[in-house]
Ligand code: UDX
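In my numbering, the protein residues as written are 41 to 478.
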């Protein structure tokens, strides 16, 4: 099949590359000529395991091209995927203007060429947006919605072996085409589910809101554990052995960040306001997520009696989660900014996200390896659970730190081990360990 993917962000690039990998001919369109040039070399503009290798393979096989020329990208396309960004606008609402602009571009192309591609909205959009795209196309093409559920750092695997594929599709011919297109990715317990368009749009928001809710829920219970002398590890183990509750997305920590959960919970709240049906749970989920970071950074400041002027604090992990260089809404940003504005010197290390982070927080000093970040620091704060932080050489850590203090925002160590090793150890929802007097 001939596929055009509009937008080469996370969703567009992974979608285009994976469809090319199953033998389709894919043109990825982006308005940024510099980005297109980089992509043509097989270089992904962000870090995602296996993506560049897969891109290069398909470029060499001439199944994947990148262009900023709309006419050539739309020419002869059987299917056009709209994968452009839907950022939160200045008014806090989901900005769908890029999606609608692409719909207008496609409308003028089909009018000129008399072609009839299937137009599929893959961008995350508020309910009703796919119908607005259909209105812009004035009935010339079949229109569908097909949300993505990719996790950064796992995007290729998630695309190739999805839990499910959701399509909001109401046209029978288009249903047949999409069944064929997704054939290599579904089956064997991985369903292709076809719904009406509005339900499909809603599944995406409802799924992300539910996952965000689980995270805020466990973080709220963690706060209760801290204040009542309970241990969240035991509480969580006890809770999760009830099959109805399940085990996933219950890791306490600094809360969620990234490009989806923060934006999507806000969009759900906004949909509730528009429908005069306030989304109270989602509002609380959002508030708890903000509070979690504020409380954690307050504990750091509290440890220093709210006087960090002249103190040096090291951050391990800057990305919003491991295996990505994405720092969008990363807890480390809020933590670094608060510490810097209180007068601390902040040094950070991240295996992938140091450049992107420094663009957000220029005053941070970046260390090129995890140990040099600790040199002379008065504490280390673990903001992201990269695997290389899970078993460091603690003797080296102790030798480099000015004082033996760890703030573990991701609960990657056990409090008892830390006490034995001689650290003052703060974590989330578990007792703080003081340094043993010897
Ligand atoms: C998410 C969804 O999982 C994906 O389906 C959707 O399409 C896009 O948003 P992603 O943002 O890549 O994917 O990351 P994910 O692994 O889901 O984690 C999101 C955030 O939640 C991270 O900040 C992570 O640290 C946090 N998290 C996750 C927790 O704090 N606790 C958990 O138990 C799980």
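Using N, Cα and C, we set each Cβ at its ideal position, and we do this for glycine too.
Checklist entry - Between which two residues does the alpha helix (DSSP H) carrying residue 151 extend? => result Counting along the chain, the unbroken alpha helix (DSSP H) around residue 151 starts and ends at 137 to 153.
Next on the checklist: Considering only their Cβ atoms, is the gap separating residue 252 from residue 222 smaller than 7 angstroms?
Outcome noted: No; because the gap between Cβ atoms is not below 7 angstroms, this pair is not in contact.
Next on the checklist: Does the distance between the C-beta of residue 215 and the nearest non-hydrogen atom of the ligand UDX fall short of 6 angstroms?
Outcome noted: No.
Next on the checklist: Which same chain residues end up closer than 7 angstroms to residue 57 when comparing Cβ atoms and leaving out the 5 residues on each side of it in sequence?
Outcome noted: Counting only residues of its own chain and dropping the five nearest sequence neighbours on each side, residue 57 has a CB closer than 7 angstroms to the CB of 91, 94, 95, 98, 104.
Next on the checklist: For the beta strand (DSSP E) containing residue 356, name the first residue and the last one.
Outcome noted: Taken as a continuous stretch (DSSP letters only), the beta strand (DSSP E) holding residue 356 covers 352 to 356.
Next on the checklist: I believe residue 131 touches residue 42 by the beta-carbon criterion, under 8 angstroms. Please report the beta-carbon distance rounded to the nearest angstrom.
Outcome noted: Not really, about 38 angstroms apart at Cβ, beyond 8 angstroms.
Checklist entry - Ends of the alpha helix (DSSP H) at residue 341? => result Per DSSP, residue 341 is one residue of the alpha helix (DSSP H) stretching across 320 to 343.
Item to check | residue 159 beta carbon less than 7 angstroms from that of residue 183 | outcome: At the C-beta level, residue 183 and residue 159 come within 7 angstroms of one another.
Item to check | Element boundaries [beta strand (DSSP E), containing residue 42] | outcome: Counted as a single uninterrupted DSSP element, the beta strand (DSSP E) harbouring residue 42 occupies residues 42 to 46.
Item to check | Spatial distance of residue 361 from residue 180 (CA atoms) | outcome: Looking at the backbone, the Cα of residue 361 and that of residue 180 are separated by about 42 angstroms.
Item to check | Spatially closest choice to residue 188 from 246, 211, 142, 141, by CA coordinates | outcome: Closest option to residue 188, judged by alpha-carbon separation, among 246, 211, 142, 141: 246.
Item to check | Any non-hydrogen atom of the ligand UDX closer than 6 angstroms to residue 192 Cβ | outcome: The closest heavy atom of the ligand UDX lies less than 6 angstroms from the beta carbon of residue 192.
Checklist entry - Where residue 346 and residue 382 are concerned, what is the direct C-alpha to C-alpha distance, given to the nearest angstrom? => result Residue 346 and residue 382: Cα-Cα distance of roughly 8 angstroms.
Item to check | Close beta carbons around residue 68, own chain, < 6 angstroms, minus the five adjacent residues each side | outcome: Correct list, in chain order: 45, 48, 56, 106.
Checklist entry - What span of residues does the beta strand (DSSP E) with residue 156 cover, start to end? => result In the DSSP assignment, residue 156 falls outside any beta strand (DSSP E) and carries neither an H nor an E.
Item to check | 6 angstroms CB neighbourhood of residue 287 in its chain, flanking five on each side removed | outcome: Its chain contains 280 as the residues whose beta carbon lies nearer than 6 angstroms to that of residue 287, once the 5 sequence neighbours on both sides are disregarded; these appear in chain order.
Checklist entry - Hey, is the stretch 320 to 337 in contact with the stretch 251 to 267, meaning 3+ C-beta pairs nearer than 8 angstroms? => result Yes, they touch.
Checklist entry - Is DSSP giving residue 250 helix, strand or coil here? => result Residue 250 sits in a helix when the DSSP states are folded into three classes.
Next on the checklist: So the candidates are 266, 442, 313; which of them puts its Cα closest to the Cα of residue 292?
Outcome noted: Taking the Cα of residue 292 as reference, the smallest distance to any Cα among 266, 442, 313 is reached at 266.
Checklist entry - For residue 296, is the beta carbon positioned less than 6 angstroms from some heavy atom of the ligand UDX? => result Yes - the ligand UDX has a heavy atom lying nearer than 6 angstroms to the Cβ of residue 296.
Next on the checklist: Less than 7 angstroms between C-beta atoms, sequence neighbours within five positions excluded: which residues of the same chain meet that for residue 370?
Outcome noted: Closer than 7 angstroms at the Cβ level, and outside the excluded window around residue 370, lie 297, 358, 359, 360.
Next on the checklist: So, at 7 angstroms on beta carbons, what are the nonlocal neighbours of residue 376 in its own chain, with the 5 sequence-adjacent residues on each side left out?
Outcome noted: So the qualifying residues of the chain are 355, 386, 388, 401, 404.
Checklist entry - Nearest to residue 318 by alpha carbon, out of 139, 327, 231, 308? => result Scanning 139, 327, 231, 308 for the CA closest to the CA of residue 318 turns up 308.
Checklist entry - In angstroms, rounded to a whole number, what distance separates the CA positions of residue 407 and residue 235? => result Their backbone Cα atoms lie some 49 angstroms apart in a straight line.
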